[in-house]
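Participant: Please find one structure pasted underneath; my questions will follow.
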Amino acid sequence: MSLSSLSTHDLQRDLIVSRLTARFSAELSRDCRQQVPCSPSRSVSMSPSISLPVTQSIYLPRNPKQNNFLSPAKLYQKEHFLCKSVKNEKDSHAISLGNSSTFSVGTKFQLDDVIEAQQFDREILSAIFEVAREMEKIEKSSSGANILRGYLMATLFYEPSTRTRLSFESAMKRLGGEVLTTENAREFSSAAKGETLEDSIRTVEGYSDIIVMRHFESGAARRAASTASIPVINAGDGPGQHPTQALLDVYTIEREIGRLDGIRVGLVGDLANGRTVRSLAYLLAKYNDVKIYFVAPDIVKMKDDIKDYLSSKGVEWEESADLMEVASKCDVVYQTRIQRERFGERIDLYEEARGKYIVDKKVMGVLQKHAVILHPLPRLDEITVDVDGDPRAAYFRQAKNGLYIRMALLKLLLLGW
Amino acid sequence: MSLSSLSTHDLQRDLIVSRLTARFSAELSRDCRQQVPCSPSRSVSMSPSISLPVTQSIYLPRNPKQNNFLSPAKLYQKEHFLCKSVKNEKDSHAISLGNSSTFSVGTKFQLDDVIEAQQFDREILSAIFEVAREMEKIEKSSSGANILRGYLMATLFYEPSTRTRLSFESAMKRLGGEVLTTENAREFSSAAKGETLEDSIRTVEGYSDIIVMRHFESGAARRAASTASIPVINAGDGPGQHPTQALLDVYTIEREIGRLDGIRVGLVGDLANGRTVRSLAYLLAKYNDVKIYFVAPDIVKMKDDIKDYLSSKGVEWEESADLMEVASKCDVVYQTRIQRERFGERIDLYEEARGKYIVDKKVMGVLQKHAVILHPLPRLDEITVDVDGDPRAAYFRQAKNGLYIRMALLKLLLLGW
Amino acid sequence: MSLSSLSTHDLQRDLIVSRLTARFSAELSRDCRQQVPCSPSRSVSMSPSISLPVTQSIYLPRNPKQNNFLSPAKLYQKEHFLCKSVKNEKDSHAISLGNSSTFSVGTKFQLDDVIEAQQFDREILSAIFEVAREMEKIEKSSSGANILRGYLMATLFYEPSTRTRLSFESAMKRLGGEVLTTENAREFSSAAKGETLEDSIRTVEGYSDIIVMRHFESGAARRAASTASIPVINAGDGPGQHPTQALLDVYTIEREIGRLDGIRVGLVGDLANGRTVRSLAYLLAKYNDVKIYFVAPDIVKMKDDIKDYLSSKGVEWEESADLMEVASKCDVVYQTRIQRERFGERIDLYEEARGKYIVDKKVMGVLQKHAVILHPLPRLDEITVDVDGDPRAAYFRQAKNGLYIRMALLKLLLLGW
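Chains as they are written, first to last, in this note's numbering: chain A, 1 to 417; chain B, 1001 to 1417; chain C, 2001 to 2417.
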């Protein structure tokens, strides 16, 4: 069992799949629309911007499902369903949130599950972020807070993660949906009586409309998604993936800095074990002219697979031991916690690594005015508390953005674009 | 403390009570209506079937309550309340779901609590199943999802049972109700500070409208029900009863096979300890021309009390060691898990018992086309996973039926028929 | 770490603050209204009583907050905000519950947080109790059950207290609000990964509109309140405070006896460690002609700080070893549990203390007809169960009053008066 959340194999597969997807996607959606033009078109307008007719896209029963995201096969299946059978029962809940005039969603892809960072390309990210922005408005105005009324989300947590759970549950409830909670799902399943994850999923999908799952085993989310006929969101599967964290990180950079192309990002701290920094580096490679600085104690340096991937994508990167210098150049300093649990008995190594790169007032002194400090939280003392009051300390805003991203994903998975 | 959920004593008591009930019921309801005709009558129609005027029956405050279900005393008390004081406050929530023209509910009985399988006779089962069918429609259409809006259910679980808890909570929320959850009620009560169950119930009834209780002690549900002035549903009390499981099992047979009279049922696996098979055998005795086959390793054979009861009711039964032969004859094969926890240190005996009767492709090969495999879940390897895809594998549909039965019971206990 | 919930220091501070508050409050509110008359006035009428124009008071964003309740500084800040920036987003939820014609709320104070008994004076208590009375009506009629629709309460419990948690969650849901629950918040925070309480609060405030916190450390609630920009309610912080219990105790006395001035109250049991009796004595000192009797085993006698405080306030008090005599004189006998956990290894001392003063049928025999027995629950055998049926046994009604007080506080903190 590897600790790396993005294996070299994954990274290569990703290149192939994404190319295939683009080609098939265009062909299939064109074919489908010409042959079976059942999807109603309608004008949607909520803002003064020009609204174009967009294809209405609706959450569909997906049974059987295949376990490849946005692959040609799934795309075909999806379009096929779209034109053949539509789950009408809960349409009335669906409202359109006003799509941008430039991005014609609905004709290109449909989110089935959220399992790993690799399933998102630049275009999908942009579309999700647009929805997340709408969610910020909804949360503040409470006017659209009913779009998920009547929907039930099950939070199936096989290991506790109160922060992530509350964020998802808040997202669901802010949209008018309801939640079934379990924090000790281990007792539900195999640990207690030997039931397989698959059987548990088949039971829970009978009680709910969407499953948010946290698991202690890498790959568990993928297994759940391939079993479930309702959408599954991976809320972290052991050392594997935590894709909603990856999305909120990129979203936060765009919100704080205003762009993703051309940014300079310093990744600091535990770069070997931190799945967040690995996913972030992976996703940043989708943008142009990005430069990444790695600042880590030797014992937890960024691994070669990510470095190779960045190079293959033409992303400039550099290792540095000088946090001050990096901080003075970057738009984003992404600090992370040195994870004690990775060091076992070697407390001495942990203590050494942990004190090495601290974001404090001195670092803030050289940080550019427009730049920000991010952190996936929880934070120990790798950012000193006297930094919290600085407007460039963006980590609590980042946590809040997790709410908007999760609202957006719940909306997209349950109602479509 | 006996492990049998249906003691011989219970079974005998049942015979006496049910006869008394029928007689008193008819008399009392007639008396009540003649003397104090306060219950409004109204026509209810939702289907094209002919609708008859039915008596409106409303959830009533029941204080003090007595601890015998549908007994003459309780019936009298109930009718008395019906005609004297009606809790008006939440009437507005009540909607009629359309009663069958042949079953005139409301004049015969009112469910106060759901404590044990013995409280249900054939007529009540039929009436509950009818409501459960309506619930299937409600869950799918989401049109009637508000009938329990404003009601609060407390899930008071003194031992964890995530599957059962989620099923009840989903049922409540699908009907628009709300839930107060506690999974570690032991900390709430005696275990921590020595409070009695009765005191805990008196507190919780102040916070909610209905209590769903799971407890580790046989008889706890009955104690709770006799204390509470709001309805109590037993979600399993230790080795005692789990009546909603028994109801969903019978409901599933009717849904899958289309009838209950004249069916042949094979009960397989741990028949000594499994409370579900014991309750199922008990309830099946209420139907005509039923034949039951017991297929169990010697060490966990069906006990004599149930066999005697079946014989006294004229139900044919037979023990068999040949699962293939039984499977070829039956309409329903009800497989159960051999419960390791019953074997203590004797792992060898457990392993021997466990491998003996497996439902696999070979068994499916001899199973009749219209027959089904049931299982209360969780399932280990007593049904092989390659059976899951067979349309006759009905155990996940069975789990789903638990939702409809629980929706029906919540509706009946809170709003009446 | 002291076990006393109301230190002498607190009691002195209280005297000073309350005087300052009264003076500044009058001045500031007058100034504010004259200079910046932005607060709209409107007539509110729900009852046949004469309604006066009252100033509308709205929940406000409070950032930064200061950690002194109703102090001049906070009052100024509050009024300042009231007149400058109003959080409009959720106004539509706010409904007026009909204010008494004699108490012009909104012009005098605004509740920001509920942290300790000392923040309440007689006038505030009276105003809260009035709202609690309205809540009794709302709970029964379910007509106003939507006033908190769209609001999210986070119950952040760092130690389990199912009773208190369910009471708060029921209160929130009875008013149409939603709840994010965590019972094992220790895993959320420092205990697991070393996160500070302050960081946890900053995260949770992004997901919710109000935080109800239970903590194992005295002073934790105050720290949380000074961090959060949303309201915080202390649901018990270790040996510190449990202010909502104190409020419901006083409310219950008023509801049961009909008045607070002139009452005679016997406090019985563990008076040294019980924070409820200490807070109750403190709050009773705000009323006229109160007489308090202390009946406790020597080892758990009421401490001098409270006695001195009562004397300084002119409250008559007396120690007695004769429960029968006290019971015959009092309007209220407030029994408490001897807390075993306080005695450590000295089980003998515990057993001796515990059996000393029992409220039983004999005590009920001398109790006046209008008098009542109260108890904060859970109860062991310091009140015998044969007393429960006596109408003067008011402890379960008292528990129920906790619901109304908490409904009132949630309403006041989220919507204002």
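From the three backbone atoms N, C-alpha and C, an ideal C-beta is built for every residue, glycine too.
1) What would DSSP say about A1371 (chain B), mapped onto helix, strand or coil?
2) Please classify D289 (chain A): does DSSP put it in a helix, a strand, or coil?
3) Would you mind giving the Cβ-Cβ distance between L1271 (chain B) and F1120 (chain B), rounded to the nearest angstrom? I have them listed as a contact below 8 Å.
4) Less than 6 Å between C-beta atoms, sequence neighbours within five positions excluded: which residues of the same chain meet that for V1179 (chain B)?
5) Taking the beta carbon of R2202 (chain C) as the centre, do at least 16 other beta carbons fall within 10 Å, making it buried, or is it exposed?
6) Does any CB atom of chain A fall closer than 7 Å to the CB of F1216 (chain B)?
7) Should V326 (chain A) go down as buried or exposed, given a rule of 16 or more other Cβ atoms within 10 Å for buried?
8) Between G1176 (chain B) and N1146 (chain B), is the Cβ-Cβ spacing less than 7 Å?
9) Can you name, in chain order, every residue of its own chain whose Cβ lies under 6 Å from the Cβ of V1315 (chain B), other than the five neighbours on each side?
10) Under 6 Å Cβ to Cβ from A2094 (chain C), same chain only, skipping five residues before and after it: list those, please.
11) What are the boundary residues of the alpha helix (DSSP H) that includes T2203 (chain C)?
12) Are the CB atoms of A408 (chain A) and M135 (chain A) nearer to each other than 7 Å?
13) Rounded to whole angstroms, how far is the Cβ of A221 (chain A) from the Cβ of D237 (chain A), which I believe are closer than 8 Å?
14) Give me the Cα-Cα distance between T1244 (chain B) and K1140 (chain B), rounded to the nearest whole angstrom.
15) Taking the CB atoms as reference points, tell me whether E2256 (chain C) and V2372 (chain C) lie closer together than 7 Å.
16) May I ask you to report which of helix, strand or coil DSSP gives L415 (chain A)?
17) Could you list the residues in the region 147-181 of chain A with a C-beta less than 8 Å from some C-beta on chain B, going in chain order?
18) Find the nearest neighbour of E2352 (chain C) within the set C:R2214, C:S2126 and C:Q2339, judged by alpha-carbon distance.
19) Measuring only between beta-carbons, confirm whether G355 (chain A) sits less than 7 Å from chain B.
20) Measuring only the C-alpha atoms, how far is G1240 (chain B) from E1217 (chain B)?
21) Here's a check: name, in chain order, each residue in its chain whose Cβ is nearer than 8 Å to the Cβ of T182 (chain A), leaving out the five neighbours to either side.
22) Only counting the same chain, and skipping five residues up and downstream in sequence, which positions put a Cβ closer than 8 Å to that of I2383 (chain C)?
23) Between which residues of its own chain and T1164 (chain B) is the CB-CB distance below 6 Å, once the five residues before and five after are set aside?
24) Please decide whether A145 (chain A) counts as near chain C, where near means a Cβ-Cβ distance under 7 Å.
25) Is P2378 (chain C) buried or exposed, if buried means 16 or more other CB atoms sit within 10 Å of its CB?
26) Compute the distance between the beta-carbons of V2332 (chain C) and V2265 (chain C), then report whether it is under 7 Å.
27) What separation, rounded to the nearest whole angstrom, lies between the Cα atoms of G2262 (chain C) and Y2350 (chain C)?
28) With a 10 Å radius around its C-beta and 16 neighbouring C-beta atoms as the bar for buried, classify K1411 (chain B) as buried or exposed.
29) Relative to the alpha-carbon of Q161 (chain A), which residue among C:R2186, C:P2297 and C:E2319 has its alpha-carbon at the smallest distance?
30) Please work out which residues of its chain come closer than 6 Å, Cβ to Cβ, to P297 (chain A), disregarding the five sequence neighbours upstream and downstream, and give them in chain order.
31) On the CB-based measure, 16 or more other CB atoms within 10 Å of its CB, does P2391 (chain C) come out buried or exposed?
32) DSSP has H1215 (chain B) in a bridge; who is on the other side?
33) Return helix, strand or coil for Y418 (chain A), following the three-state DSSP convention.
34) H2215 (chain C): which of C:S2208, C:T2252, C:A2224 and C:D2209 sits nearest, CA to CA?
35) Would you grab the beta carbon distance between L247 (chain A) and I138 (chain A) for me? Rounded to a whole angstrom, and I think it's under 8 Å.
36) Under 8 Å by Cβ, that's how I've got D2209 (chain C) and Y2251 (chain C) pegged, so tell me the actual separation to the nearest angstrom.
Facilitator: In short, the structure shows the following:
1) Taking the first residue of the second sequence as 1, we reach residue 1371 (chain B) at position 371. In the structure shown, A1371 (chain B) sits in coil (DSSP, three-state: anything other than H, G, I, E or B).
2) The residue given as residue 289 (chain A) occupies position 289 in the first sequence. Note: D289 (chain A) maps to coil in three-state DSSP.
3) Taking the second sequence and counting its residues from 1, the one referred to as residue 1271 (chain B) is at position 271. Taking the second sequence and counting its residues from 1, the one referred to as residue 1120 (chain B) is at position 120. Not a contact, Cβ separation roughly 21 Å.
4) Counting from one through the second sequence, the residue named residue 1179 (chain B) turns up at place 179. Annotation for V1179 (chain B): M1153, E1169 and M1172 place their beta carbon closer than 6 Å to its own, counting only its chain and skipping 5 residues before and after.
5) The residue given as residue 2202 (chain C) occupies position 202 in the third sequence. Per the 10 Å Cβ criterion, buried.
6) Taking the second sequence and counting its residues from 1, the one referred to as residue 1216 (chain B) is at position 216. By this cut-off, F1216 (chain B) is not an interface position.
7) The sequence position of residue 326 (chain A) within the first sequence is 326, counting from 1. For V326 (chain A), the number of other beta carbons within 10 angstroms of its own is at least 16, and it is reported as buried.
8) Locating residue 1176 (chain B) in the second sequence gives position 176, where the first residue counts as 1. Locating residue 1146 (chain B) in the second sequence gives position 146, where the first residue counts as 1. It is a contact, given that the beta carbons lie within the stated cut-off.
9) Locating residue 1315 (chain B) in the second sequence gives position 315, counting from the first residue. These residues qualify, in order along the chain: A1285 and V1290.
10) The sequence position of residue 2094 (chain C) within the third sequence is 94, counting from 1. For A2094 (chain C), the predicted model reports a pLDDT of 28, less than 50, meaning its position is unreliable and no value from the coordinates is stated.
11) As a first step, residue 2203 (chain C) must be located in the third sequence, where it is residue number 203. Counted as a single uninterrupted DSSP element, the alpha helix (DSSP H) harbouring T2203 (chain C) occupies residues L2197 to V2204.
12) Looking up residue 408 (chain A) in the first sequence gives position 408. Looking up residue 135 (chain A) in the first sequence gives position 135. Remark: C-beta atoms of A408 (chain A) and M135 (chain A) approach each other more closely than 7 Å.
13) Walking along the first sequence from the start, residue 221 (chain A) turns up at place 221. Walking along the first sequence from the start, residue 237 (chain A) turns up at place 237. That pair is a contact at about 5 Å.
14) As a working note, residue 1244 (chain B) is residue 244 in the second sequence. As a working note, residue 1140 (chain B) is residue 140 in the second sequence. The straight-line gap from Cα to Cα measures roughly 21 Å.
15) Within the third sequence, residue 2256 (chain C) is the residue found at index 256, counting from 1. Within the third sequence, residue 2372 (chain C) is the residue found at index 372, counting from 1. E2256 (chain C) is a Cβ neighbour of V2372 (chain C), given a cutoff of 7 Å.
16) Position 415 of the first sequence, counted from the start, is the residue given in the question as residue 415 (chain A). DSSP places L415 (chain A) in helix when its eight states are reduced to three.
17) Hits within the stretch, in order: G150, L152, A154, E178, L180 and T181.
18) For the purposes of this step, residue 2352 (chain C) is taken as residue 352 along the third sequence, with counting starting at 1. Nearest to E2352 (chain C) by alpha-carbon distance, out of C:R2214, C:S2126 and C:Q2339, is C:Q2339.
19) Within the first sequence, the letter at position 355 stands for residue 355 (chain A). In terms of beta-carbon proximity, G355 (chain A) stays away from the interface with chain B, with every pair separated by 7 Å or more.
20) Taking the first residue of the second sequence as 1, we reach residue 1240 (chain B) at position 240. Taking the first residue of the second sequence as 1, we reach residue 1217 (chain B) at position 217. Approximately 7 Å between the Cα atoms of the pair.
21) Looking up residue 182 (chain A) in the first sequence gives position 182. Cβ neighbours of T182 (chain A) beyond the five flanking positions: A154, T155, L156, F157 and F188.
22) Translated into positions along the third sequence, residue 2383 (chain C) becomes position 383. Scanning its chain for C-beta atoms nearer than 8 Å, with the 5 sequence neighbours on each side dropped, one finds around I2383 (chain C) the residues Q2335, I2358, V2359, D2360, I2373, H2375, A2393 and Y2395, in chain order.
23) For the purposes of this step, residue 1164 (chain B) is taken as the residue at position 164 of the second sequence. Closer than 6 Å at the Cβ level, and outside the excluded window around T1164 (chain B), lie A1235.
24) By one-based count along the first sequence, residue 145 (chain A) stands at place 145. Answer yes: the Cβ-Cβ gap between A145 (chain A) and chain C drops below 7 Å somewhere.
25) As a working mapping, residue 2378 (chain C) is identified with position 378 in the third sequence. So P2378 (chain C) ends up on the buried side.
26) Translated into positions along the third sequence, residue 2332 (chain C) becomes position 332. Translated into positions along the third sequence, residue 2265 (chain C) becomes position 265. Yes.
27) The count along the third sequence starts at 1 and reaches residue 2262 (chain C) at position 262. The count along the third sequence starts at 1 and reaches residue 2350 (chain C) at position 350. If I take the Cα positions, the gap works out to 34 Å.
28) Mapped onto the second sequence, residue 1411 (chain B) falls at position 411. So K1411 (chain B) counts as buried.
29) Locating residue 161 (chain A) in the first sequence gives position 161, counting from the first residue. The question names Gln, but residue 161 (chain A) in the sequence shown is Ser. Of the candidates C:R2186, C:P2297 and C:E2319, C:R2186 places its Cα closest to the Cα of S161 (chain A).
30) Here residue 297 (chain A) refers to the residue found at position 297 when the first sequence is read from its first residue. Once the five neighbours on either side are set aside, the close Cβ partners of P297 (chain A) are A353 and K356.
31) As a first step, residue 2391 (chain C) must be located in the third sequence, where it is residue number 391. Answer is exposed; the Cβ neighbour count stays below 16.
32) Taking the second sequence and counting its residues from 1, the one referred to as residue 1215 (chain B) is at position 215. DSSP output for H1215 (chain B) lists B:D1237 as bridge partner(s).
33) Residue 418 (chain A) cannot be examined here, being either before or after the span of chain A that is shown, 1 to 417.
34) In the third sequence, the residue the question calls residue 2215 (chain C) occupies position 215. For the set C:S2208, C:T2252, C:A2224 and C:D2209, the Cα lying nearest the Cα of H2215 (chain C) is the one of C:A2224.
35) Translated into positions along the first sequence, residue 247 (chain A) becomes position 247. Translated into positions along the first sequence, residue 138 (chain A) becomes position 138. The C-beta distance from L247 (chain A) to I138 (chain A) rounds to 18 Å, too long to fall under 8 Å, and the pair is not in contact.
36) Numbered from 1 along the third sequence, position 209 holds the residue referred to as residue 2209 (chain C). Numbered from 1 along the third sequence, position 251 holds the residue referred to as residue 2251 (chain C). No, D2209 (chain C) and Y2251 (chain C) are not in contact; Cβ-Cβ is about 24 Å, not under 8 Å.
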